[in-house]
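Residue numbers (numbering that gives the first Met the number 0), protein chains in the order written: chain A, 0 to 532; chain B, 0 to 1023.
Heads up, the beta-carbon is just placed ideally off N, CA and C, and yes, glycines get one too.
Small disclaimer: the values here were computed from a predicted structure and weren't measured.
Worksheet for the structure shown next.
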Amino acid sequence: MEPGCTSWILKLNVMKTMKGNAEKYLNHIKCIKMKNFKNILLVSCLLLVCSCKKFLNENPPFYTPESNLSSEKAAQALANGGYQNLTGLIAGQNGSYGGNTWNLMEFMTGKASSDLGQTGYVNFQTLNYGPTSFYFDTWWTQLYLGVGAANLAIQQIPKINSPDLSDEEKTNLLAEVHTLRALYYFYLVRMYGAVPEITELQTDPDNLLVGRTDAKKIYDDVIIPDLLLAEKSTLPWKDATGKVSMGAVKAILADVYLTYAGAAINGGSAAYAESAKRSLELLTQGGYTLFPEYTDMINPANKNQGEFIFQVQFAASIPATNPLTQLTIPNYAGISKYADEYGSVFPTQQFLASYEAGDKRVNEKQFFYSSYPSISDGTTKTFPHPYIYKWFDVNAVTVTAKSDLNYTIYRLPDVMLMYAEASNEAEGGPNQTAIDNLNAVRSRAQLDPVGNLGKDAFEQAVWLERYHELCFENKMWFDMLRTRKVHNDVTGNWDNFIGHTTVFGATFTQKQLLFPIPQHEVDINPKLLPNNP
Amino acid sequence: MMKHFIYSIFFVLLSLQSMAQSKMTGTVTDAKDNSPLPGVTVMVKGAQAGTQTDINGKYSINIPDANAVLVFTFLGYTTQEVSTTGKTTVDVKLAAQAKAIEEVVVIGYGTAKRSDLTGSVATLKSEQLNDKPVPNITQALEGKVAGVEVNVNSSAPGAPAKVRIRGVGSLNSNTDPIYVVDGVVGVDPNTLNPNDIASIEVLKDASATAIYGVRGANGVIMVTTKRGRSGPAQISYEFNGNVSELSRHIKTLDAKQFVQVYNQAFENGQKFATDGAVQTPAKALNHTNFPLLFDANDNPLYNTNWEKETYKPAFSQSHQLNIQGGTDKSLYSVSLGYLNQKGLAPTSAFQRYSIKTTMDNDVKDWLKVGGSISLIASRQRMVSDGNGGLNVPRDVIEEVPILPVKYPDGSWANNYDIDGLEGAPNPINVANNRFGINNTTQMVGNVYATIKFSDELDFKSDFGFDLNTLKNNFYSSLSLQHLSADQGGIANINEYSNWYWQSENYLTWNKKVNDKQKFTALLGFTLSKQSSENVFVETQNFISDALTYNHLSSGSVRSGADSGFGANQLNSVYGRISYNIDEKYLFTATGRFDGASRFGEGNKFSFFPSVGAAWRVSQEDFLKDNNTISNLKIRASIGVTGNQEIGNYRTQTSYQTGQTVLNNAAAISLLPGYIGNPDLKWERTTQADAGLELGLLKDRINLELDYYNRTTNDLLLQTPIPWSAGYVTPNVYKNVGQVKNSGIELNLTTVNIKNKNFNWTTTFLATFNKNKVTKLANGNADIFPGPNFLGENYVVRVGEPIGAFYGMTRVGTYSDSPEDVAEAASHGLKPGDRKYIYNADGSPYYSVIGHAYPDWTGTFSSSMRYKNWDFSFDIRFVEGVNTAANFKHSSEDRQTISNSLATVLDGWTPTHQDTYISQVRNYKYAQDSHFDSWWVEDGSFIRGQNFILGYSFPADNLKKMSINRLRIYASVQNLFLITKYTGYDPEVDTFNQGFGYASSFSQGLDFFSVPRPRVWNLGVQVGF
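Structure, rendered in structure tokens:
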């Protein structure tokens, strides 16, 4: 008999004693229908005992920490968990119409506008946002979901012993997941600064409130060690399935060190050399090549190929589709199969004007477009201003209303320009490889190569190239924070970040250096106070 | 179909009745005052045939020969036998029994005389429940019992009501009472046909509820269905037909006003634009851009009142047939019911078919067996799915008036026809082309055997079951832009199957110790298991709307497939002893020892005791013959009950599977799902009750007064956890604190006039409840339980009641005075923007801005009978409560993308600065909207709940048709509503419309509700 049963019977006795009449009952009954009663009592007691056995056990219809998850497939599924929240980089914003986490990073730069009030963009255009404003909550949630899933995988994968899972495979799965965790934290610290450092899945519901850890410490404790661990793996340089490759590890490390050296952390100039080392390794050993045409980037056949190093994976057939195609279609233009044509984000005239004359990227239907045939009658619709063409999936727009494009986190020009910047800083001036890389990016844009520039001039040329090449890929805001410089599209100068006035008349202050932690999170966890200004 | 069936049964029954030989008639009156006695059973001795007296005490019966003996029986009166020999009429005067048989009430695992109770138990009889046509029991309870608060929050056909007994004693563990239907515990009351109910007992205090231990904390509602009775078969048929109509209006902009506000808004936009860009609509509203909507002078061609176009009068009907009969050894009943309820919203409807049969047999002198089975099938068509979505009630307010319902060519007109508007399809289009249908089939019943060991001791074994399936079929048309056009149409089927069984076994010992002392003892044990399974399938992208969800594989995209399972078990022992000394001193002790699978190891078992005592002062010698005080009883009880309604497996951590994309294909992932709490334990409520029952002037005045005090400890709350924990489900069930409810319940009934022709009774019920959170975990830290609509909406805070609205405080709009301009600028705002209170550091100030639960509620009801006429009414009072008009967010703070409330005409202008409504501007420059004090309105109301006028035909006229009773009535529900609330109805909750599910939060949140209709009824009741 199980322990539960013993106490059960004890209690039964207590009840009987309480009533004090059990004896009387039995005597009384004997005279009447002894046999019947006995039978029933017998049956009843049997039922009681049967019930005791396992009656109150639970068999939950989901996996629990006790479930048998020791196969190679389970290891893979745990690792996959790390990937799942990469979609958070372009996740829809609850309560908005046409709102997406991606919008925030473009709205902040002052180089983007929106056709929609429901994206909340006016708050960002005027810089009057607060902890309850759109996007801060979704970013926070999505990134920590990613951290949680990565923590689970990092804890569980080493415990799996399966003949189908070699040690090398295990190490590589762990390398993938550590890289992903580093990436999620990399976004968190750049956005919110000091955040809770959680490196093991929390299991005690009474102990979930964690205070904030300084951003530099998170780089030192988590981000950099995770990536260095991944760097030791035997991951391939490229991965056509969309998983973390050695190329991705190096690209992220290059970015991490570059940011670590930058203004937000001031982690020391040695970090520039570390950054340059990784980007150079990727450039020389990675086997990545620039696409000949910009529009090759919006051909779904090229997913995870060519210059793409690491992407958020989508597949129209699943259906898990890239939302940016629809979000960036001109508002009510009537050019697509989509019912909603949002026009959520489009470039300011001033930013477009900052491109050099002859830059191919601003030619029609390269990075931007200003007309397209109407979906109903084929007549050309001309828009009041250019919209972004970088996420334009022709097949989705005209036929399926389901975009198959991946969303790029790292591609080759980003790394080329990171090398140029980091090596220039590390070595006190541009080396030939740095200059070649900058010119390779320019040459595709049909721009003249830069000549022999000094350190500062070269740095600014690289920064501007990043704006022009990587615009609307959620890179520019991080560049502004890292460099504490903003290109003024009106004057052509590089303004200091603090004090820069956008074309909308709003001026960056200390407040813009970090996003506020979402109010709902602070309400639950007061240890996060004080919030960022 | 159904109607034909009922008619044919009628004719069969009529023909049976007409096979008579000769007739005897007469009148039965009260021996004391000669008033007619209706409902007296008249039978021929030795035969099965019999009848009942009508409302005037008259009867007519077939007798086999001239020398028959008639037997007249009536509850509370002495039975008389009269020979018919030599008589043509037999008039009888029945004398009341010296000691009238007292009212018997149903309690847990048995019955008791009302006078013997030590607990607080309210009874409602069938007539009281069915005085108005409602689709379910929960709605029928509204305003009927002191201490029972019923919120009919949705006016969708077939919608359940929210029932709370003695305040909210829990957070978001379930706060619904438990329903015990003919002994089957935990039946969903909303699927049952209320016409099948014979009586409802509401067990309120611990002395009454503790026998249900773990499930008793929120009160117990005992539902007893109609069963057979010995005597001639009684056949009754009832019909109700009614028309619902819109009873209140929300004023929105008409066509001219809309165009004016729209243009003004773009003009004002210049002021708010910071980049100096000129503000113009995507396309100006004129005939060049919109030739279908404007005439050559650019005046709108249409001025559509969407409220009027959408909410049209709806006709509903119900039919009910009951047959009850039996011999002294064997009783049976059969009933059939049909309800077809239509809602104000187009296509919304609820249909229910029900069949029920019961049987009770004395098969041996020591053995009784019986049982009942009830089959119910219903179909509810819902058109307002998805709170916050572009659903019908929202589109009624937001569809712009310059659009017609349909264009001259017959195609639907929709907001998205106008560039720049938030693209809502028009509400009538949505109602016709997007719908969810809840199909319910339910089988509930039991079989039992009672073994009588002696006159004192019996044993009952009762096996009860409730098997039900809820299948939701959903379809949204491929033509509905912004809802389902991108998907090419969406069809899904979501099915829940639930199985519940229980085995109850108990001994009852009725012992007379001596002349003065007796007791009833009960000992039982029970096992029960509830399990459920669900299946979900969805496909999208159809070539036509023709097949809807009837052929899912005709959609090319397989967008969803899932299934689930859950089960929980209970294992309990219980006992009760009721001791009665000389009919003066009464004692009850109960105890239940429960084991529940849902709690963690070590916390599965708990004991729930209670004790109660009562003193019938009026039985004492000094009051026995008092002419003024006819009844005086004082009661007191205390006890503990539990709550385990938290869902299954809440102690267990889950690793949830998810799906990600790798290599262009779906890949399964494992994620941290839910953080289990192994320490989870029972929520326990300790309740004390003191009651007084007073009858004056031969019970012409009856007062029942109760004071209660409930303290709930170890509150089970679904507490939000930090997102930083990384779990997919961002909350955990925890035992977090303590809440207290205390209150007074009053029930005063007076018989104002009682004579042969005129009878007038009035009842006043009132409940005053005070609710307060007294302790919370983590050093009394506030908890924000959601919902989260533009900020937190509720706070759980020590010292505040559950249901405290929490938000910003609006104090008006910024004027153009220099101080206001400066203050506005410090928040990035301008004159004409809404003005809120801020903290010293400039951050928004949040505080408690209202309460979702009322200070007091009451019902005043009165019934009169004059000769053959009867008239009665109920008026309900709900006072000291707030309702949040959240719909003002989208209809007052957002111009140029949809229609607005007419209140925006009162918006800020340079010459009208003293207003709470901001200056209109194009939506691009809308000010951030917050959950604030402007939305939280006074939700107090007085409602003319029900008014009925009836007429019963005199028996003489009916005799020829062999009809005993024929009453027709007309009634109206929701005749008037007196309230300051600006929405349709302050009794509302649009955030919680799950089928039969309701939690403590979100009461009083109104984000576009279906208006509550006024209902005009005509009904017929016939008895044979």
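Rounded distance between the beta-carbons of residue j and residue i, thought under 8 Å
i: residue 1003 of chain B; j: residue 882 of chain B; result: 5 Å
i: residue 1065 of chain B; j: residue 148 of chain B; result: Here chain B has residues from 0 to 1023 only, and residue 1065 of chain B is not among them.
i: residue 333 of chain A; j: residue 373 of chain A; result: 5 Å
i: residue 786 of chain B; j: residue 1008 of chain B; result: Actually they do not touch by this definition, with Cβ atoms about 15 Å apart.
i: residue 199 of chain B; j: residue 128 of chain B; result: 6 Å
i: residue 78 of chain A; j: residue 175 of chain A; result: 6 Å
i: residue 1061 of chain B; j: residue 895 of chain B; result: Nothing in the structure corresponds to residue 1061 of chain B, since chain B is present only between 0 and 1023.
i: residue 891 of chain B; j: residue 899 of chain B; result: 6 Å
i: residue 311 of chain A; j: residue 222 of chain A; result: Between residue 222 of chain A and residue 311 of chain A the Cβ distance is about 19 Å, and since that is not below 8 Å, they are no contact.
i: residue 609 of chain B; j: residue 518 of chain B; result: About 16 Å separates the two Cβ atoms, so there is no contact after all.
i: residue 83 of chain A; j: residue 656 of chain B; result: Contact flag wrong, Cβ pair sits at about 10 Å.
Among the options, nearest to residue i - alpha-carbon criterion
i: residue 662 of chain B; options: A:302, A:269, A:159; result: A:302
i: residue 1025 of chain B; options: B:357, B:570, B:613, B:461; result: Nothing can be reported for residue 1025 of chain B, as the shown portion of chain B is limited to 0 through 1023.
i: residue 334 of chain B; options: B:310, B:188, B:225; result: B:225
i: residue 804 of chain B; options: B:936, B:711, B:601, B:874; result: B:936
i: residue 58 of chain A; options: B:696, B:820, B:564; result: B:564
i: residue 32 of chain B; options: B:976, B:94, B:89; result: B:94
i: residue 918 of chain B; options: B:493, B:260, B:121; result: B:260
i: residue 420 of chain A; options: A:270, A:102, A:184, A:66; result: A:270
i: residue 779 of chain B; options: B:133, B:793, B:798; result: B:798
i: residue 703 of chain B; options: B:746, B:714, B:709; result: B:746
i: residue 714 of chain B; options: B:722, B:434, B:679; result: B:679
Paired residues, beta bridge with residue i - DSSP
i: residue 486 of chain A; result: A:493
i: residue 1023 of chain B; result: Looking at the DSSP assignment, residue 1023 of chain B forms no beta bridge with any residue, so it has no partner.
i: residue 808 of chain B; result: Answer by DSSP bridge pairing: none, since residue 808 of chain B is not bridged.
i: residue 394 of chain A; result: According to DSSP, which records beta bridges pairwise, residue 394 of chain A is partnered with nothing at all.
i: residue 477 of chain B; result: According to DSSP, residue 477 of chain B bridges with nothing at all.
i: residue 80 of chain B; result: B:70
i: residue 875 of chain B; result: B:858, B:942
i: residue 49 of chain B; result: B:42
i: residue 463 of chain B; result: B:445, B:501
i: residue 233 of chain B; result: B:323
Distance cut-off 7 Å: residue i Cβ against heavy atoms of the ligand SAH
i: residue 65 of chain B; result: Absent from the structure shown: the ligand SAH. Ligands present: none.
*Tell me the start and end of each unbroken alpha helix (DSSP H) in the segment 328-408 of chain B that is at least 4 residues and wholly inside, in chain order.*
391-397
*asked:* Could you check whether the segment 350-370 of chain A touches the segment 387-394 of chain A, counting it as contact only if at least three pairs of C-beta atoms, one from each stretch, sit closer than 8 Å?
replied: yes
*Kindly provide the ranges of any alpha helix (DSSP H) runs that are 4 or more residues long and lie completely inside the segment 287-350 of chain A, ordered along the chain.*
323-326
*Three or more C-beta pairs closer than 8 Å, one from the segment 315-326 of chain A and one from the segment 434-447 of chain A: is that the case here?*
no
*Continuous alpha helix (DSSP H) assignments of at least 4 residues falling wholly in the segment 582-652 of chain B*: 620-623
*Can you find at least 3 beta carbon pairs, one from the segment 533-553 of chain B and one from the segment 484-497 of chain B, that sit closer than 8 Å?*
yes
*What are the uninterrupted segments assigned as alpha helix (DSSP H) that are 4 or more residues long and contained completely in the segment 420-503 of chain A, given in chain order?*
431-443, 454-469, 475-482
*Whole beta strand (DSSP E) runs in the segment 751-828 of chain B with 3 or more residues, listed along the chain?*
757-775, 803-807, 809-812
*Would you call the segment 314-329 of chain B and the segment 236-249 of chain B in contact, with 3 or more CB pairs under 8 Å?*
yes
*What are the complete beta strand (DSSP E) segments, minimum 3 residues, inside the segment 680-763 of chain B?*
682-695, 700-712, 715-719, 730-734, 736-753
*What are the complete beta strand (DSSP E) segments, minimum 3 residues, inside the segment 94-136 of chain A?*
none
*asked:* Between the segment 587-596 of chain B and the segment 207-216 of chain B, can you find at least three pairs of beta-carbon atoms closer than 8 Å?
replied: yes
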